[in-house]
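Q: So for the sequence shown, the working numbering puts the first residue at 13; every next one is plus one. In this text, a Cβ means the ideal position worked out from N, Cα and C, and glycines have one as well. Here's a structure for you.
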Amino acid sequence: MQADNPRHLTIIGAGLAGALLATLLARRGWQVDVYEKRSDPRRRDLERGRSINLALAERGRHALRQADADDAVMAQAVMMRGRMVHFADGRTDLQRYGRDDSEVIWSVHRGELNQVLLDIAERAGARVHFHHRLDRVDFDQRIAHFGDEREGTERAIGFRTLIGADGAGSALRGAMGREGEFEGRTDFLDHSYKELEIPPGPDGGFRMEANALHIWPRGRYMCIALPNDESTFTVTLFLPNETDPTAGVPGFDTVRSGADARALFDREFPDASRLIPELERDFDSNPTGVLGTLYLDQWHLDERAVLVGDAAHAMVPFHGQGMNCAFEDCVALAEHLDRTPDRAAAFAAFQAERLPNARAIQHMALENYLEMRDRVDDDDYLLQRELEHRLAARHPDRFVPRYAMVTFRHLPYAVALQRGNLQRELLVELTRGHDTLDNLDWQAVDAAVIARLPPLPPDNQATPM
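Structure follows, in structure tokens:
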């Protein structure tokens, strides 16, 4: 019986985090069963219209390498060197993420990634059970009750430990909530999103620059596009839920139909509009997604249950770190289980390590939304960004842009947030009253960096400062 097996773990959710975690644990000798409410994505059409593209960064790739999954995933990934900003006047500007092509992020298709990770999990020895919807949990008897919507049946399955990798609407978190304070608080943005698609060109190739994340910033709203390996772009429109007519800001309450969306795109994103022939159909058929941040103070119920990824700390997508953070959770949880035979102690240590970092990236994701939609075309932002790159080149051991700390390194998110705040204050001070870097006193600038910013600790060994 699973409940009596000291080396057995039960994962709820066979999405990205659940499949990766199953592989990491199975490769360490754990017996793993994964229960998923949906059908096997390898045997049906990929879901359309919701979170199709994801940005894969170094944290996520590090986790994939632990599972020997990186090569298979990267075979389907598309490099994004930076943000291609589409200004309202028709100009474009590529704002690189890093120094060169060694510092990039990758666009991956959620459905294809899930298929790869499920294959690898099963090869590692994990058993995946589809059409198993978690309905309730008897934590005293350690019995999980699953329903099958196809057959209208229920199964009662014994467990020793449940791991919730079942997303922001986690059924396991809801069951844990009946045992204590596990529901937390979700703060929803007053913005939502809709996904559209740019098809390949007549020659079968990309119709815009392929190796970039495209952004059309318009103040309180924006549009983005990420490339896919089949030469399409997934376009995401972010709008307020309510129109502000006095400020000329559209919202989903007035942009209700495909025809409304076409008119909006023709007016505000004309270069994108002409590349989306099925805009009306996509808008009318794809769901409108909501955006929220889940704050949860307790992630585990002694040794009986623990939460990872979005089930513990869902965040808005504007730093592209939701999946990467979840993957980092998976590695951390597997390592804590290696180090600590007492599962309750391992889960407590996992929470102590990851919760402050989850809060930090949740905060930075919200900040990045304001930057993406409202600042990437501002003169002061561009000047500070130019100085940021100069200082990174002059003081590589002391000044690392916050985006680079988050995306290309393994420094804890909390360290990146704290250090980034110090660096931002310095950038604002040094550029105040200037519209160019040509008249800066570089001797004074260098002295300020040395005085205010101690050398960064080695990657993976950072401590808060």
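Skipping 5 residues on each side, what residues in its chain have a beta carbon closer than 7 Å to that of M188?
A: Within the sequence shown, the letter at position 176 stands for residue 188. F194, L313, A317.
Q: State the DSSP-derived secondary structure class of T475, mapped to helix, strand or coil.
A: In the sequence shown, residue 475 corresponds to position 463, counting from 1. With a pLDDT of 43 at T475, under the threshold of 50, the modelled position of that residue is not reliable, and the figure given next carries that caveat. T475: coil per DSSP, three-state reduction.
Q: When the Cα of D105 is compared with those of D450, T22, H226, D52, which residue comes out closest?
A: Your numbering for residue 105 matches position 93 in the sequence shown. Ranking D450, T22, H226, D52 by Cα distance to D105 puts H226 first.
Q: With three or more C-beta pairs closer than 8 Å as the rule, is the segment 351–358 touching the segment 321–337?
A: No, the segment 321–337 is not in contact with the segment 351–358.
Q: Among the candidates V261, N240, E280, G301, whose CA atom is the shortest distance from the CA of Y205?
A: Residue 205 sits at position 193 when you count from the first residue of the sequence shown. Nearest option by C-alpha distance: G301.
Q: Between the C-alpha atoms of N380 and I155, what's the straight-line distance to the nearest angstrom?
A: As a first step, residue 380 is located in the sequence shown; it is residue number 368 there, counting from the start. As a first step, residue 155 is located in the sequence shown; it is residue number 143 there, counting from the start. Answer to the nearest angstrom: the Cα atoms are 42 Å apart.
Q: Below 8 Å, how does it come out for the segment 72–83 and the segment 120–136: are there three or more Cβ pairs, yes or no?
A: Result yes; three or more Cβ-Cβ pairs closer than 8 Å.
Q: Assess, as a yes-or-no matter, whether the segment 290–306 is touched by the segment 334–350 under the definition of 3 or more beta carbon pairs within less than 8 Å.
A: Counting Cβ pairs under 8 Å, fewer than three are found: no touch.
Q: Would you be able to state if there are at least three C-beta pairs under 8 Å between the segment 20–29 and the segment 45–59?
A: Yes, the segment 45–59 is in contact with the segment 20–29.
Q: So is L102 buried or exposed if we call it buried at 16+ other beta carbons inside 10 Å?
A: As a first step, residue 102 must be located in the sequence shown, where it is residue number 90. Here residue 102 is Gly; the residue named in the question, Leu, does not match the sequence. Looking at its Cβ environment, which holds fewer than 16 other Cβ atoms inside 10 Å, G102 is exposed.
Q: Please state whether DSSP places L367 in a helix, a strand or coil.
A: For the purposes of this step, residue 367 is taken as residue 355 along the sequence shown, with counting starting at 1. It is helical.
Q: When the Cα atoms are used, what is the spatial distance from V267 to F99?
A: Looking up residue 267 in the sequence shown gives position 255. Looking up residue 99 in the sequence shown gives position 87. About 22 Å.
Q: Is A338 closer than 9 Å to R185 when the C-beta atoms are compared?
A: By 1-based counting over the sequence shown, the position of residue 185 is 173. By 1-based counting over the sequence shown, the position of residue 338 is 326. Their beta carbons are not under 9 Å apart, which means R185 does not touch A338 by this criterion.
Q: Quick one, which of R197, R145, G181, V412 has its alpha-carbon nearest V427's?
A: Counted from its first residue, the sequence shown places residue 427 at position 415. Closest option to V427, Cα to Cα, is V412.
Q: Measuring alpha carbon to alpha carbon, tell me which residue in R402, D341, L382, L465 is nearest A31.
A: As a first step, residue 31 must be located in the sequence shown, where it is residue number 19. Comparing Cα-Cα distances from A31 to each of R402, D341, L382, L465, the minimum goes to D341.
Q: Would you mind sorting H203 into buried or exposed? The rule is 16 or more other CB atoms within 10 Å of its CB.
A: For this step, residue 203 is matched to residue 191 along the sequence shown. Classification for H203: buried.
Q: Between which two residues does the alpha helix (DSSP H) containing M335 stretch?
A: Within the sequence shown, the letter at position 323 stands for residue 335. Taken as a continuous stretch (DSSP letters only), the alpha helix (DSSP H) holding M335 covers 334–351.
Q: Distance check for Y307 and I377, CA to CA, integer angstroms please.
A: Here residue 377 corresponds to residue number 365 of the sequence shown, with the count starting at 1. Here residue 307 corresponds to residue number 295 of the sequence shown, with the count starting at 1. One detail in the question is off: residue 377 reads as Ala in this sequence, not Ile. Approximately 14 Å between the Cα atoms of the pair.
Q: Tell me which residues share the same chain as P466 and place their Cβ nearer than 6 Å to its Cβ, disregarding the 5 neighbours each side in the sequence.
A: Against the sequence shown, residue 466 aligns to sequence position 454. Once the five neighbours on either side are set aside, P466 has no close Cβ partner at all.
Q: Would you mind stating whether A67 and V120 have Cβ atoms separated by less than 9 Å?
A: For this step, residue 67 is matched to residue 55 along the sequence shown. For this step, residue 120 is matched to residue 108 along the sequence shown. Yes; because the gap between Cβ atoms is below 9 Å, this pair is in contact.
Q: Which one of R54, G179, R73, H74 has the shortest CA to CA distance from E124?
A: Looking up residue 124 in the sequence shown gives position 112. Comparing Cα positions, the closest option is R54.
Q: Beta-carbon within less than 8 Å of Q5's beta-carbon, same chain only, minus the 5 sequence neighbours each way: which residues are those?
A: Within the shown structure, residues of the chain are numbered from 13 to 477, placing residue 5 beyond reach of any answer.
Q: I need the boundaries of the beta strand (DSSP E) containing G176, first residue and last residue.
A: For the purposes of this step, residue 176 is taken as the residue at position 164 of the sequence shown. Unbroken beta strand (DSSP E) run through G176: 174–176.
Q: Going by DSSP in three states, R71 sits in which element: helix, strand or coil?
A: Position 59 of the sequence shown, counted from the start, is the residue given in the question as residue 71. Note: R71 maps to helix in three-state DSSP.
Q: Can you give the beta carbon distance from T165 to E207, rounded, assuming they're within the 8 Å contact cut?
A: Residue 165 sits at position 153 when you count from the first residue of the sequence shown. Residue 207 sits at position 195 when you count from the first residue of the sequence shown. Contact doesn't hold; Cβ gap of about 34 Å is too wide.
Q: Please classify R62: is it buried, with 16 or more other beta-carbons within 10 angstroms of its beta-carbon, or exposed?
A: Position 50 of the sequence shown, counting from 1, holds the residue named residue 62. Its pLDDT being 46, under 50, R62 is placed unreliably in this model, and the coordinates cannot settle the point.
Q: Taking 8 Å as the cut-off, does the segment 449–464 touch the segment 145–154 (at least 3 CB pairs, one atom from each stretch)?
A: No, they do not touch.
Q: For M220, which three-state DSSP category applies?
A: Position 208 of the sequence shown, counted from the start, is the residue given in the question as residue 220. If DSSP states are grouped into helix, strand and coil, M220 belongs with coil.
Q: Under the rule that 16 or more other beta-carbon atoms within 10 Å means buried, what is W311, buried or exposed?
A: Along the sequence shown, one-based indexing puts residue 311 at 299. Buried, because 16 or more other Cβ atoms sit within 10 Å of the Cβ of W311.
Q: Can you tell me which of the three DSSP states I210 falls into?
A: By one-based count along the sequence shown, residue 210 stands at place 198. I210: strand per DSSP, three-state reduction.
Q: Once DSSP output is grouped into helix, strand and coil, what is the label at G304?
A: On the sequence shown, residue 304 is found 292 positions in, with the first residue counted as 1. Strand at G304.
Q: Let me make sure I understand the geometry here. Which of A358, G170, R436 has the alpha-carbon closest to that of H5?
A: The structure shown has nothing for residue 5, since the chain only spans 13 to 477.
Q: Between which two residues does the alpha helix (DSSP H) containing W478 stretch?
A: Within the shown structure, residues of the chain are numbered from 13 to 477, placing residue 478 beyond reach of any answer.
Q: Going by beta carbon distance, what residues of the same chain come within less than 8 Å of Q88, once the five residues before and after it are set aside?
A: As a first step, residue 88 must be located in the sequence shown, where it is residue number 76. Contacts found: V120, H121, E124, L125, V128, D241.
Q: For R56, which option in G110, R108, F142 has the closest C-alpha, if you only look at C-alpha atoms?
A: Position 44 of the sequence shown, counting from 1, holds the residue named residue 56. Nearest of G110, R108, F142 to R56, Cα basis: F142.
Q: What's the gap between the Cα of G110 and the Cα of A259?
A: Counting from one through the sequence shown, the residue named residue 110 turns up at place 98. Counting from one through the sequence shown, the residue named residue 259 turns up at place 247. Taking the straight line from one Cα to the other gives about 35 Å.
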